[in-house]
Amino acid sequence: MKRRIDPRQLIWVTQPELYILSSDKLMIETEPFTDLRPAGGSAEAVELSIMPKGSFCFSARVDFDYRYSFDQCGFILYEGDHRKMIIGTEYHDDEKMKLRCIVYHGGIGDINSRDIGSAINKMFYRIWYRGGAVRIQYSFAGKRWSDFREFQLNHPDRKLKIGIYACSPKNSYFDCTFSAMTLEEDK
């Protein structure tokens, strides 16, 4: 059964100073010198309060207005207490940004990336999970989906969580909006 996620139900990991929360979206303005470090303890904006059970499909839309190199936002998949995967975009310059997916194996990140045009200002993501297998998809308009990465979880019996992140590692800030979040579960 597919259901919409109300962003007001989210639990803050690191609460930004400037944000707007409503029943259908979360708008954030990042702060300068915030980063998403591999070991955690970093600038994750929020973490979803839901822990999906069984097989699931999580999808969402992210709108962003990047200003400076390395501004980035997207989603995180946690396996137990460990960060397992990050999917998002990272701004580089006026011509390109990167669509990136990082899968962690024992603390070491394995990165897939694809150059995309910096004129893009929104992305749609889907995270599929079934029987220990994870498939990551993206779309530019939310209609045609492309596979980006597939991997197996090390411990499929651990609880999974989905998180949101937005950060500006340099002396920058930008606005981003997370919306149209849905979760479909097979129990």
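Going by numbering that gives the first Met the number 0, the sequence shown opens with residue 0, and the numbers climb by one from there.
We treat Cβ as the ideally placed atom computed from N, Cα and C, and that holds for glycine.
Around the C-beta of residue i, are 16 or more other C-beta atoms found within 10 angstroms, so that it is buried, or is it exposed?
| i | result |
| --- | --- |
| Gly-197 | No answer is possible for residue 197: the residues shown for the chain start at 0 and end at 186. |
| Ile-126 | buried |
| Ala-140 | exposed |
| Gly-105 | exposed |
| Ser-21 | exposed |
| Met-96 | buried |
| Ile-19 | exposed |
| Pro-168 | buried |
Who pairs with residue i in a beta bridge, going by DSSP?
| i | result |
| --- | --- |
| Thr-181 | Arg-3 and Ser-58 |
| Ile-85 | Ile-75 and Ile-101 |
| Ile-126 | Phe-57 and Ile-135 |
| Ala-165 | Cys-72 |
| Gly-116 | Lys-95 |
Find the nearest neighbour of residue i within the set the options, judged by alpha-carbon distance.
| i | options | result |
| --- | --- | --- |
| Phe-123 | Gln-136, Ile-101, Asp-70 and Ala-132 | Gln-136 |
| Leu-98 | Asp-70, Glu-78 and Cys-56 | Asp-70 |
| Glu-188 | Ala-165, Ser-48 and Trp-11 | Missing from the structure shown is residue 188; the chain here goes from 0 to 186 and no further. |
| Asp-92 | Ile-75, Leu-20, Leu-25 and Arg-66 | Arg-66 |
| Ile-73 | Gly-79, Gly-131, Glu-46 and Glu-30 | It is Gly, not Ile, that sits at residue 73 in the sequence shown. Out of Gly-79, Gly-131, Glu-46 and Glu-30, Glu-46 has the C-alpha closest to the C-alpha of Gly-73. |
| Tyr-103 | Arg-113, Glu-149 and Glu-16 | Glu-149 |
| Cys-175 | Ile-119, Gln-151 and Lys-160 | Ile-119 |
Cutting at 6 Å between CB atoms, please list the residues of its own chain near residue i, excluding the five before and the five after it.
| i | result |
| --- | --- |
| Ile-101 | Ile-85, Gly-108 and Ile-110 |
| Lys-1 | Thr-181 and Glu-183 |
I'd like the list of long-range same chain contacts for residue i, defined as Cβ closer than 8 Å, with 5 residues on each side in sequence excluded.
| i | result |
| --- | --- |
| Ile-10 | Val-45, Glu-46, Leu-47 and Ser-48 |
| Ser-145 | Gln-136, Tyr-137 and Ser-138 |
Quick one: residues in its chain with C-beta nearer than 7 Å to the C-beta of residue i, no 5 flanking neighbours on either side, listed in chain order?
| i | result |
| --- | --- |
| Gly-40 | Its pLDDT being 49, under 50, Gly-40 is placed unreliably by the model, and the measurement read from it follows with that caveat. So the list is empty, once near-sequence residues are dropped. |
I want to see whether chain C comes within less than 8 Å of residue i, judged by CB atoms only; does it?
| i | result |
| --- | --- |
| Glu-94 | The structure shown contains no chain C; it holds only a single protein chain. |
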